[in-house]
Structure formats: C-alpha cells, structure tokens
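Q: Here you go, one structure.
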Amino acid sequence: MAKYHSTASKGVLRKVLSKIGLGKARDLDEIAAAPEAKWKRPWWVKTVDKPTVDIDWDVKERFDETKIQQKSFATYVGDEESQRLRKHKAEYTKQWVQENRPNYTLRDRALDIAVRQGAVGTSFLGFAQDPEHVKDGWGGALITPETMGVPPWQGTPEENSEMMRAALKMFGAAQVAFLELDEYNKRFIYSVDHDGMKIDFEDVEKPYEEENRKVIPNNAKWVIVFTVQMSEELLKRRVGKTPTPFSAAAVGSAYARSRVIFDDTQIFLHCLGYYGLMATWFNGLGIAPALGVMAGLGELSRLNRMITPEYGPLVRVFRIVTNIPLAPNKPIDAGIMRFCKTCKKCATECPSGTLSDATEPTWEVKGPWNSPGHKTWFEDSPKCMAYWLKATASCATCFSVCPFSKKDKSFMHHFVEATIAKVPVFNGLFTKMDDMLGYNIPRDPESWWDKNMPPYGIDGLGGTDLK
Amino acid sequence: MWWFIYGLLMGSGLYALGDNASLQWYVWILLSAALLMFSLTIQHYFASLKEMEPIPARRGAIALGTPALILAVVAIVLAL
Chain A
1 MAKYHSTASK GVLRKVLSKI GLGKARDLDE IAAAPEAKWK RPWWVKTVDK PTVDIDWDVK
61 ERFDETKIQQ KSFATYVGDE ESQRLRKHKA EYTKQWVQEN RPNYTLRDRA LDIAVRQGAV
121 GTSFLGFAQD PEHVKDGWGG ALITPETMGV PPWQGTPEEN SEMMRAALKM FGAAQVAFLE
181 LDEYNKRFIY SVDHDGMKID FEDVEKPYEE ENRKVIPNNA KWVIVFTVQM SEELLKRRVG
241 KTPTPFSAAA VGSAYARSRV IFDDTQIFLH CLGYYGLMAT WFNGLGIAPA LGVMAGLGEL
301 SRLNRMITPE YGPLVRVFRI VTNIPLAPNK PIDAGIMRFC KTCKKCATEC PSGTLSDATE
361 PTWEVKGPWN SPGHKTWFED SPKCMAYWLK ATASCATCFS VCPFSKKDKS FMHHFVEATI
421 AKVPVFNGLF TKMDDMLGYN IPRDPESWWD KNMPPYGIDG LGGTDLK
Chain B
468 MWWFIYGLLM GSGLYALGDN ASLQWYVWIL LSAALLMFSL TIQHYFASLK EMEPIPARRG
528 AIALGTPALI LAVVAIVLAL
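Note that the protein sequences, when read in sequence, are chains A and B. To convert, note that position 277 of the first sequence is 277 in my numbering; the numbers rise steadily by one, no gaps. To convert, note that position 39 of the second sequence is 506 in my numbering; the numbers rise steadily by one, no gaps.
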C-alpha cells in the first residue's frame with residue numbers, strides 16, 4: 001500500500017511555519033523529520049539560513065590558537081609585565097589568605113581550585129583509544145562492533161542525532177546541536193592547536209597524532225557542539241565589578257564537567273564503531289562559540305561569545321569532531337545580537353575596559369588575538385587577562401551582568417525574551433528594567449556557603465521535558 | 468497545588484460577587500485586569516524567590532502589584 005505524505009499547502013499554515021523557521025518544508029512529514037522539530041525550544045527562537053552575525057568567507061581562515069590571550073599574553077604585554085602581573089597574583093593571593101580577607105579566604109580559594117580539577121584533558125584521540133586504561137564497568141575490555149561481531153551502529157542522520165543528543169544530555173550537556181564540517185565550517189577548526197601542534201585534514205581512515213600535528217580524517221564530516229551550564233549563583237558572587245574565587249569557580253566547574261562529557265562521548269562512539277576527537281585543553285580544536293552559532297545553539301553577542309536563548313551566556317561551549325553521520329542544525333535568530341547593539345551593559349560594567357561599547361559591530365579586529373572575517377564587537381583581550389591577574393581571580397563579570405543571565409521561573413523572563421525577539425523597539429526599556437528590578441546587585445560571596453544549592457549549583461531542568 | 472488553591476479562591480470570590488451584585492461591564496473589565504495583574508504579581512514574586520532573587524521579587528511585586536491594587540480600588544469604588 002502506498003504511503004502518501006500529508007501535505008501542508010494552505011497559505012496561512014505556510015506563513016506560520018515560515019515564522020518558526022520551517023517554511024521551506026514541503027510537507028508535514030518533512031516538518032516532523034526536521035532536526036528542529038525534535039528539539040523543543042522557546043517559540044520565539046526562529047531558525048534561519050544564515051547566522052545573525054555577518055561572515056566574510058573570503059577573509060575567514062583557519063585560526064592559529066596560539067595567538068589567543070591565554071597563550072600569547074607575554075608577547076602582547078611584554079615578558080616583564082607578564083612576570084610582574086603573575087607575581088602580583090601570587091603575592092596577593094597569599095596575603096589575602098593570610099589576612100583571612102572575606103571572599104578570598106583559604107576555603108574560597110580551595111573551592112575554586114577543587115572544582116576545576118580535571119578540566120584539562122589528555123588526548124585528542126580520547127581515552128577510548130587506550131584500552132589499557134579504559135575498561136567497562138566490570139573490569140573487562142570495552143565492547144566494539146568488531147568484538148561483538150556486528151557492523152557499526154547504523155541509523156539515519158536524524159536518528160543518530162537524536163541518539164547523540166539524548167546520550168550527551170545524560171552525560172551532562174545542557175544543549176546539543178550538530179554541524180556539517182563542510183568547506184566553510186572547517187575554517188572554525190584551528191590551524192594550530194593550543195599546544196602548537198598543527199591540525200591537518202587528510203584522506204585517511206582513522207585519526208592519528210604525530211609529534212607535532214594532529215590529523216583529522218576527511219571522513220569526519222560532522223561536529224557535535226554542546227554547552228555545559230555555569231552556576232549563576234556562583235558567577236554572580238562578585239564584589240562590585242570585581243571577580244572572586246566564587247565567580248571564577250563557576251567557570252572552572254563547567255570546564256571540569258565538560259571532560260566527563262568528552263570522555264563518555266568518546267567511549268560511547270567507540271563502542272558504536274565511530275570516533276570523536278576532542279580538545280585537550282580548556283579551549284582547543286576549534287572555535288567553540290563560532291561552531292555553536294553555526295549549529296544554532298545561540299547567537300554571537302557583544303561579548304564576542306555566544307548567548308543562548310535558554311541559558312543566556314551562562315554556558316561554556318564545546319565541540320567534538322566525529323565520523324558518525326548526523327543531521328545538522330541551522331543557525332537561529334532570537335533577537336539577541338540586535339539587543340546587544342543597544343544594551344551595552346557588559347561593556348559598561350567590564351572592569352578592565354576590554355569590551356567594545358560601539359553601537360554597531362565592525363569587521364576591524366583589535367589585535368592578532370582576534371580571528372578576523374566576521375562582523376562583531378572585537379575585544380581587547382590582553383586587558384582582560386591582565387585584569388584577571390590583578391584581581392587574582394579569573395573574571396566573568398560581563399557574563400554575570402548580561403540581561404540574558406537569568407533563571408527561567410518568573411514569567412517576566414519569557415515575556416521579555418519573546419518581546420526582544422519579535423518587537424525590538426522595547427530593547428532599551430528592558431535594559432533599564434533589568435537594573436531597576438535589581439538583577440545586577442551582586443550577591444554576598446560568603447553567603448554561598450550557607451545556601452542549600454542543587455547539584456553543581458545549577459537548575460538543570462531548564463529547557464527540558466522535566467521542567 | 469498553590470495555583471489550584473489560588474484559582475479556587477479567586478473563582479469563588481468572583482462567583483460570589485457576580486451572584487450578589489449587578490456590576491457594570493466596565494467594572495468587570497477593571498476587575499479582570501486587576502486579577503490578571505495580581506496573578507502575575509504572585510507568579511513573579513514566588514518564582515523570583517525560587518530563583519534566589521529576593522530583590523527583583525520585591526521590586527517586581529511592587530511594580531506589578533501597585534497597578535493591580537489601583538485597578539481593584541477603582542473597580543470597587545465604581546461598583547459601590
């Protein structure tokens with residue numbers, strides 16, 4: 001018996017579907033099969049063909065990661081200044097601990113150091129490639145399709161995507177999206193990784209590493225991009241604009257938790273007969289916010305980082321390059337980048353003057369630490385790094401003051417976000433409202449020790465079916 | 468559960484009011500607007516406390532609750 005597709009030919013329905021980004025679907029079955037259909041997002045998040053940030057593909061090239069501030073700080077400010085600032089950080093950290101200075105005590109420092117342990121990985125290829133060190137839960141070797149006598153897991157790209165999203169969320173990811181590693185998106189994979197090793201693409205079957213380079217096979221055609229939530233309760237525990245070990249711990253904790261997701265995902269893929277390639281440092285392999293924007297996890301912002309509709313900027317973004325076929329997601333438009341043009345709160349509150357307060361984004365980079373080829377608000381990164389060392393704690397004040405940095409229980413957040421997406425004329429008012437309602441008053445850092453926090457200090461139900 | 472109790476209370480109140488007084492249509496509109504604003508005030512206040520945001524809870528309650536109260540008072544004055 002023939003199976004007919006049900007059609008959606010009515011003009012009104014088409015108009016509604018185009019509003020939610022499904023206007024190009026030919027029939028209802030295509031709509032149901034679209035990657036966006038299975039990923040429940042707020043109704044005001046619209047999928048689009050091009051991201052809201054302009055990209056000049058003639059200029060955009062693969063970027064050398066050793067140019068970023070954390071790697072080349074001494075080059076940008078000079079060796080002497082770099083040494084002076086590092087000495088300053090060490091001396092003041094010790095002095096404040098000895099003075100038992102509130103918000104910088106021994107236990108506050110211990111928390112920051114403890115939560116970020118494990119934040120740095122060890123292998124581009126992953127633990128799963130090392131059967132001596134990875135066993136199953138019973139002490140045996142990991143199963144693979146070969147040892148089980150079956151072919152690698154076979155599913156359609158859509159089925160594989162659903163499977164990977166479910167698995168990664170189980171491992172701890174907040175959002176999961178997929179991207180095709182085509183000739184354009186490949187430009188977001190670093191040319192040189194953080195450790196100075198080149199990253200090359202080759203026509204080989206399996207990835208490998210040599211002394212000075214990492215090789216991604218050309219059959220690795222997809223990227224899994226995922227986010228890990230940061231604890232808003234930790235992040236907002238600053239003193240005025242100044243960061244504390246509490247706010248720094250919010251960042252470190254998210255990085256540390258990402259390693260569990262990386263390792264679990266690599267083992268999961270290994271058992272299914274595929275591979276996943278990962279970053280071996282806090283940042284590595286590819287420009288995570290760029291990949292996240294292209295995969296529709298969020299939009300680029302004045303931070304020159306990604307802001308998501310579900311969690312605002314309160315996430316860290318990560319990527320895994322893989323050969324399991326996946327159905328790519330599209331970029332989104334939720335009015336976020338447009339809102340950044342008038343808001344400017346992050347730039348105003350930034351204690352180091354790193355962020356641009358220009359109304360319009362620009363193609364002009366601030367320095368060699370920026371990857372050129374997209375129109376954004378480029379940041380003066382060495383100022384940021386210098387401030388971290390002066391403040392003795394890594395700073396994320398720009399993230400914590402962002403009007404999108406909210407939990408999602410009050411109706412007001414949804415009302416405001418939907419209005420921002422659809423009626424931008426009120427954007428200026430919402431920025432003022434954010435201050436008037438008192439959302440930016442920092443919490444007393446030491447009060448954190450008296451709170452009864454959920455695991456990892458995050459509300460993990462946001463944006464899920466359990467909410 | 469709390470919303471169920473809130474609905475019961477408000478529903479009973481409106482039923483009693485409609486049953487015992489013949490109100491003008493504009494009074495009903497004002498009362499409905501007041502009730503909506505009051506419901507939003509309650510939602511925002513308790514949701515913000517759950518978000519560990521006591522200051523926005525209070526300020527939001529004032530910002531939403533004041534017009535709710537004014538609308539309710541105007542409706543009552545007009546009804547008397």
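Every residue, glycine too, gets a C-beta built ideally from N, C-alpha and C.
Compute the beta-carbon to beta-carbon distance between Ser-400 of chain A and Ser-247 of chain A, rounded to the nearest angstrom, for a pair I have assumed lies under 8 Å.
A: At roughly 7 Å, the Cβ-Cβ gap stays under 8 Å, so Ser-400 of chain A and Ser-247 of chain A are in contact.
Q: Which chain A residues are close to Ile-522 of chain B, counting only those with a beta carbon under 9 Å from its beta carbon?
A: Residues of chain A passing the Cβ test: Leu-437, Gly-438, Tyr-439 and Ile-441.
Q: Just tell me which of A:Pro-442, A:Ile-113 and A:Met-294 has its CA closest to the CA of His-374 of chain A.
A: Per the Cα distances, A:Met-294.
Q: Under 6 Å Cβ to Cβ from Asn-218 of chain A, same chain only, skipping five residues before and after it: list those, please.
A: Answer for Asn-218 of chain A: Phe-201 and Asp-203, listed in chain order.
Q: Measuring only the C-alpha atoms, how far is Ile-199 of chain A from Tyr-184 of chain A?
A: Between Ile-199 of chain A and Tyr-184 of chain A, the C-alpha separation is close to 16 Å.
Q: Which bits of chain A does Gln-510 of chain B rub up against, with CB to CB less than 8 Å?
A: Neighbours of Gln-510 of chain B on chain A, chain order: Ser-410 and Phe-411.
Q: Within 8 Å (strictly less), CB to CB, does Lys-169 of chain A reach chain B?
A: With 8 Å as the cut-off, Lys-169 of chain A does not count as an interface residue toward chain B.
Q: Along the chain, where does the beta strand (DSSP E) containing Arg-319 of chain A start, and where does it finish?
A: That run of the beta strand (DSSP E) goes 315-322.
Q: Just mark Asp-58 of chain A as buried or exposed, buried being the case when its beta carbon has 16 or more other beta carbons within 10 Å.
A: With fewer than 16 other Cβ atoms within 10 Å, it is exposed.
Q: Based on Cα-Cα distance, which residue from A:His-194, A:Ala-166 and A:Thr-348 lies nearest to Thr-431 of chain A?
A: Nearest of A:His-194, A:Ala-166 and A:Thr-348 to Thr-431 of chain A, Cα basis: A:Thr-348.
Q: Leaving aside the five residues before and after Gln-479 of chain A along the sequence, list all residues of the same chain whose C-beta is less than 6 Å from its C-beta, in chain order.
A: Outside the shown range of chain A, which is 1 to 467, sits residue 479 of chain A, and nothing can be said about it.
Q: Is the CB of Ser-447 of chain A under 8 Å away from at least one CB in chain B?
A: Not an interface residue.
Q: Whose Cβ in chain B lies nearer than 7 Å to the Cβ of Lys-407 of chain A?
A: Going along chain B in sequence order, the residues near Lys-407 of chain A (Cβ under 7 Å) are Glu-518.
Q: Take the Cβ of Val-425 of chain A as the centre, count every other Cβ of all protein chains shown within 10 Å, and call the residue buried at 16 or more, exposed below.
A: Under this definition Val-425 of chain A is an exposed residue.
Q: Within 8 Å of any Cβ in chain E, is that where the Cβ of Gly-527 of chain B sits?
A: The displayed structure is made up of protein chains A and B, and chain E is not among them.
Q: Could you tell me the boundaries of the alpha helix (DSSP H) in which Ala-174 of chain A lies?
A: Segment: none, Ala-174 of chain A is in no alpha helix (DSSP H) and carries neither H nor E.
Q: Nearest-angstrom Cα distance between Ala-473 of chain A and Ser-231 of chain A?
A: The shown model of chain A, from 1 to 467, leaves out residue 473 of chain A, and the question about it has no answer.
Q: Phe-505 of chain B by DSSP, collapsed to three states: which one?
A: Note: Phe-505 of chain B maps to helix in three-state DSSP.
Q: Which partner residues does Val-192 of chain A have in the DSSP bridge list?
A: The partner list for Val-192 of chain A (beta bridge, DSSP) reads A:Asp-64 and A:Lys-198.
Q: Starting from the C-beta of Leu-498 of chain B, find all residues in its chain whose C-beta is less than 6 Å away, skip the five residues before and the five after it, and write them out in chain order.
A: Contacts found: Ala-542.
Q: Would Glu-417 of chain A pass as an interface residue toward chain B - the criterion being a Cβ-Cβ separation below 8 Å?
A: No, Glu-417 of chain A lies away from the interface with chain B (no Cβ there is under 8 Å from its Cβ).
Q: Does DSSP put Trp-222 of chain A in a helix, a strand or coil?
A: DSSP places Trp-222 of chain A in strand when its eight states are reduced to three.
Q: Does Thr-265 of chain A come out as helix, strand or coil in the three-state DSSP assignment?
A: Reduced to three states, the DSSP call for Thr-265 of chain A is helix.
Q: Give me the residue from A:Leu-272, A:Ile-267 and A:Ser-258 with the minimum Cα distance to Trp-281 of chain A.
A: Nearest of A:Leu-272, A:Ile-267 and A:Ser-258 to Trp-281 of chain A, Cα basis: A:Ser-258.
Q: Pairs of beta-carbons, one from the segment 332-339 of chain A and one from the segment 36-48 of chain A, closer than 8 Å: are there three or more?
A: Short answer: they touch.
Q: Taking 8 Å as the limit between beta carbons, can you name the residues of its chain near Leu-476 of chain B, skipping five residues before and five after?
A: Same-chain partners within the cutoff: there are none.
Q: When burial is assigned at 16 or more other CB atoms within 10 Å of the CB, is Ser-447 of chain A buried or exposed?
A: Answer is exposed; the Cβ neighbour count stays below 16.
Q: What's the C-alpha gap between Gly-252 of chain A and Val-423 of chain A?
A: So the two alpha carbons sit approximately 36 Å from each other.
Q: Quick one: Cα of Thr-156 of chain A to Cα of Pro-325 of chain A, how far?
A: Distance between the alpha carbons of Thr-156 of chain A and Pro-325 of chain A is about 7 Å.
Q: State the CB to CB distance for the pair Met-278 of chain A and Ile-216 of chain A, rounded to an integer number of angstroms; the pair is presumed to be in contact (CB under 8 Å).
A: Contact flag wrong, Cβ pair sits at about 11 Å.
Q: Can you check which of these residues, B:Leu-516, B:Gln-491 and B:Phe-471, is closest to Asp-408 of chain A by C-alpha distance?
A: Of B:Leu-516, B:Gln-491 and B:Phe-471, the residue nearest in Cα terms is B:Leu-516.
Q: Give me, in chain order, the residues of the same chain whose beta-carbon lies closer than 7 Å to that of Met-453 of chain A; leave out the 5 immediate sequence neighbours on both sides.
A: Only Glu-233 meet the Cβ criterion.
Q: Within 8 Å (strictly less), CB to CB, does Ala-514 of chain B reach chain A?
A: Interface residue, yes.
Q: For Cys-350 of chain A, which option in A:Ile-261, A:Gln-83, A:Ile-458 and A:Cys-398 has the closest C-alpha, if you only look at C-alpha atoms?
A: The shortest Cα separation from Cys-350 of chain A among A:Ile-261, A:Gln-83, A:Ile-458 and A:Cys-398 belongs to A:Cys-398.
Q: When DSSP labels each residue in this structure, what does Asp-49 of chain A get in the three-state scheme?
A: Reduced to three states, the DSSP call for Asp-49 of chain A is coil.
Q: Quick check on the DSSP output: the beta strand (DSSP E) that includes Val-425 of chain A runs from which residue to which?
A: Taken as a continuous stretch (DSSP letters only), Val-425 of chain A belongs to no beta strand (DSSP E), as it is neither H nor E.
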